[in-house]
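**Student:** Position one of the sequence shown corresponds to residue 1 (the working numbering), numbered consecutively onward.
C-beta: ideal position from N, C-alpha, C; glycine also.
One structure, as structure tokens, below. Some questions next.
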Amino acid sequence: MAGFDLEWTMKDAESIKLNQDRIDELLRFSGLPRDWFRGKKALDIGCGVGRLTWALQQLGAEVDSFDISQVAVERTKRVNPNAYIFDLMDLKENRAYDFVVSWGVIHHTENPRLAFTRVASQVKAGGYLLVMIYHRGTQWRYEKGRKLWPDLSHEQRLAYCRQHAERFGGNLQEWWDAFSPRYNWSFLPSEVVRWFAEEGFGSLVMTDRFSVNIRGTYGGHPRNTSGLPSFLLLRDLYWLSRLWVRHKLGRGE
Ligand SMILES: C[S@@+](CC[C@H](N)C(=O)[O-])C[C@H]1O[C@@H](n2cnc3c(N)ncnc32)[C@H](O)[C@@H]1O
Numbered sequence: 001m002a003g004f005d006l007e008w009t010m011k012d013a014e015s016i017k018l019n020q021d022r023i024d025e026l027l028r029f030s031g032l033p034r035d036w037f038r039g040k041k042a043l044d045i046g047c048g049v050g051r052l053t054w055a056l057q058q059l060g061a062e063v064d065s066f067d068i069s070q071v072a073v074e075r076t077k078r079v080n081p082n083a084y085i086f087d088l089m090d091l092k093e094n095r096a097y098d099f100v101v102s103w104g105v106i107h108h109t110e111n112p113r114l115a116f117t118r119v120a121s122q123v124k125a126g127g128y129l130l131v132m133i134y135h136r137g138t139q140w141r142y143e144k145g146r147k148l149w150p151d152l153s154h155e156q157r158l159a160y161c162r163q164h165a166e167r168f169g170g171n172l173q174e175w176w177d178a179f180s181p182r183y184n185w186s187f188l189p190s191e192v193v194r195w196f197a198e199e200g201f202g203s204l205v206m207t208d209r210f211s212v213n214i215r216g217t218y219g220g221h222p223r224n225t226s227g228l229p230s231f232l233l234l235r236d237l238y239w240l241s242r243l244w245v246r247h248k249l250g251r252g253e
């Protein structure tokens with residue numbers, strides 16, 4: 001067993017409780033009002049153990065879910081019979097969904113830009129796409145662990161993740177997720193904003209600071225009236241300057 005299958009069999013993955021917190025997370029990530037979801041057709045791409053699938057269902061959406069990990073899909077099937085094993089890179093254009101979410105997935109693929117195109121191709125005109133992608137400015141905490149990872153035994157990996165959970169919070173599964181995937185790309189908000197524009201999305205809303213968490217509308221207004229792009233550029237500069245200072249000071253974790 002390897003990769004995400006192993007991650008989702010960890011005891012800590014069981015601690016992802018399906019409760020009001022999951023619904024609040026979805027509302028916070030998406031920036032949409034709870035009433036919006038009722039009767040909508042949604043797709044959860046890289047659904048993991050189904051926490052967002054479940055939240056979407058509770059808000060009244062009809063949900064399809066898939067993941068490349070068999071263990072993840074078995075867990076999601078507990079809440080959604082419409083869960084199946086699939087590689088998002090094999091998606092063909094199918095503009096059938098009002099709401100597509102791919103949270104924490106695209107940066108784990110070999111080619112994130114192409115993955116974004118595949119994911120975006122499922123959204124119908126006027127529908128929403130929500131993605132969460134690692135922010136280049138916040139990945140320094142994981143860099144050392146990702147370099148060490150290949151040389152650690154399974155037991156050493158578990159111990160390393162436990163230490164981090166105790167020191168910085170979170171649980172073992174979350175730290176495993178940060179260190180173990182083969183690909184851990186990260187981007188600046190302005191790069192992802194450009195991807196949205198290139199795929200025909202507008203009316204962008206950014207709902208988080210730690211990650212690049214952006215919602216866009218397919219066929220939405222291409223020019224943002226919110227002033228978001230210039231704001232993002234300023235934020236990029238801020239994060240790049242922080243990285244530069246860290247580099248100069250030689251600070252690891
Ligand atoms: C960090 S987890 C996020 C899970 C879920 N979206 C959530 O927010 O709880 C990343 C998930 O992406 C899945 N994944 C990675 N590459 C994939 C691909 N090419 N196609 C489908 N799923 C993929 C993994 O198996 C894993 O379950």
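Secondary structure at THR225, three-state DSSP: helix, strand or coil?
**Tutor:** In the sequence shown, counting from the first residue as 1, residue 225 sits at position 225. Because THR225 sits at a pLDDT of 45, beneath the cut-off of 50, its placement in the model cannot be relied upon, and the following sentence gives the value as read from the coordinates. Three-state result, THR225: coil.
**Student:** In chain order, which alpha helix (DSSP H) runs of at least 4 residues are fully inside the stretch 39-108?
**Tutor:** Here the runs fully enclosed are 51-58 and 70-76.
**Student:** Which of helix, strand or coil does DSSP assign to SER190?
**Tutor:** The residue you call residue 190 lines up with position 190 of the sequence shown. Note: SER190 maps to helix in three-state DSSP.
**Student:** If you compare alpha carbons, which of ALA125, ASP90 and ARG146 is closest to GLU199?
**Tutor:** In the sequence shown, the residue the question calls residue 199 occupies position 199. If we check each option's Cα against that of GLU199, ALA125 comes out closest.
**Student:** What are the partner residues of VAL205, as DSSP defines its beta bridges?
**Tutor:** If you number the sequence shown from 1, residue 205 lands on position 205. Partner(s): ARG215.
**Student:** Residues in the same chain with beta-carbon distance under 7 Å from THR117, minus the five sequence neighbours each way, listed in chain order, please.
**Tutor:** If you number the sequence shown from 1, residue 117 lands on position 117. So the qualifying residues of the chain are GLU199.
**Student:** Heavy atom of ligand 1 less than 7 Å from the Cβ of ALA165, yes or no?
**Tutor:** Position 165 of the sequence shown holds residue 165. Answer for ALA165: no, Cβ out of range of ligand 1.
**Student:** Check whether the Cβ atoms of GLN57 and ASN80 lie closer than 8 Å to each other.
**Tutor:** As a working note, residue 57 is residue 57 in the sequence shown. As a working note, residue 80 is residue 80 in the sequence shown. Yes, the Cβ-Cβ distance between GLN57 and ASN80 is below 8 Å.
**Student:** Which residues mark the beginning and the end of the beta strand (DSSP E) in which TYR128 is found?
**Tutor:** The residue you call residue 128 lines up with position 128 of the sequence shown. Counting along the chain, the beta strand (DSSP E) containing TYR128 begins and ends at 123-133.
**Student:** With distances taken from CA atoms, which of ALA178, ASP24, LEU26 and PHE187 is nearest ARG113?
**Tutor:** Locating residue 113 in the sequence shown gives position 113, counting from the first residue. Taking only the C-alpha atoms, the option nearest ARG113 is PHE187.
**Student:** Does ligand 1 have even one heavy atom less than 7 Å from the beta-carbon of ALA72?
**Tutor:** As a first step, residue 72 must be located in the sequence shown, where it is residue number 72. The answer is yes for ALA72.
**Student:** Are the beta-carbon atoms belonging to ARG51 and LEU27 less than 8 Å from one another?
**Tutor:** Position 51 of the sequence shown holds residue 51. Position 27 of the sequence shown holds residue 27. Not a contact, by the Cβ cut-off of 8 Å.
**Student:** Can you grab the Cα-Cα spacing for the pair ASP87 / PRO33, in whole Å?
**Tutor:** Start at 1 with the first residue of the sequence shown, and residue 87 comes out as number 87. Start at 1 with the first residue of the sequence shown, and residue 33 comes out as number 33. Straight-line Cα distance between these residues: approximately 30 Å.
**Student:** Using only CA atoms, which one of LYS144, ILE106, LEU204 and ASN213 lies nearest to ASP67?
**Tutor:** Walking along the sequence shown from the start, residue 67 turns up at place 67. The residue with the shortest Cα to Cα distance from ASP67 is ILE106.
**Student:** Considering only the beta carbon of each residue, do ALA264 and ASP90 sit closer than 8 Å?
**Tutor:** The structure shown does not extend to residue 264, since the chain spans only 1 to 253, so no value can be given for it.
**Student:** Grab the span of the alpha helix (DSSP H) containing ASP24 for me, first residue to last.
**Tutor:** Position 24 of the sequence shown, counted from the first residue, corresponds to residue 24. ASP24 -> alpha helix (DSSP H) spans 20-30.
**Student:** Please determine whether the Cβ atom of TRP103 lies at a distance below 7 Å from any heavy atom of ligand 1.
**Tutor:** By 1-based counting over the sequence shown, the position of residue 103 is 103. Flag set: Cβ of TRP103 near ligand 1.
**Student:** Could you check where the alpha helix (DSSP H) with GLN173 kicks off and where it finishes?
**Tutor:** Working through the sequence shown from its first residue, we reach residue 173 at position 173. Unbroken alpha helix (DSSP H) run through GLN173: 172-179.
**Student:** Could you tell me if ALA154 is buried or exposed, where buried requires 16 or more neighbouring beta carbons within 10 angstroms of its beta carbon?
**Tutor:** Taking the first residue of the sequence shown as position 1, residue 154 is located at position 154. Per the sequence shown, the amino acid found at residue 154 is His instead of Ala. Exposed.
**Student:** With a threshold of 16 other CB atoms inside 10 Å of the CB of PHE210, please say whether the residue is buried or exposed.
**Tutor:** The sequence position of residue 210 within the sequence shown is 210, counting from 1. Per the 10 Å Cβ criterion, exposed.
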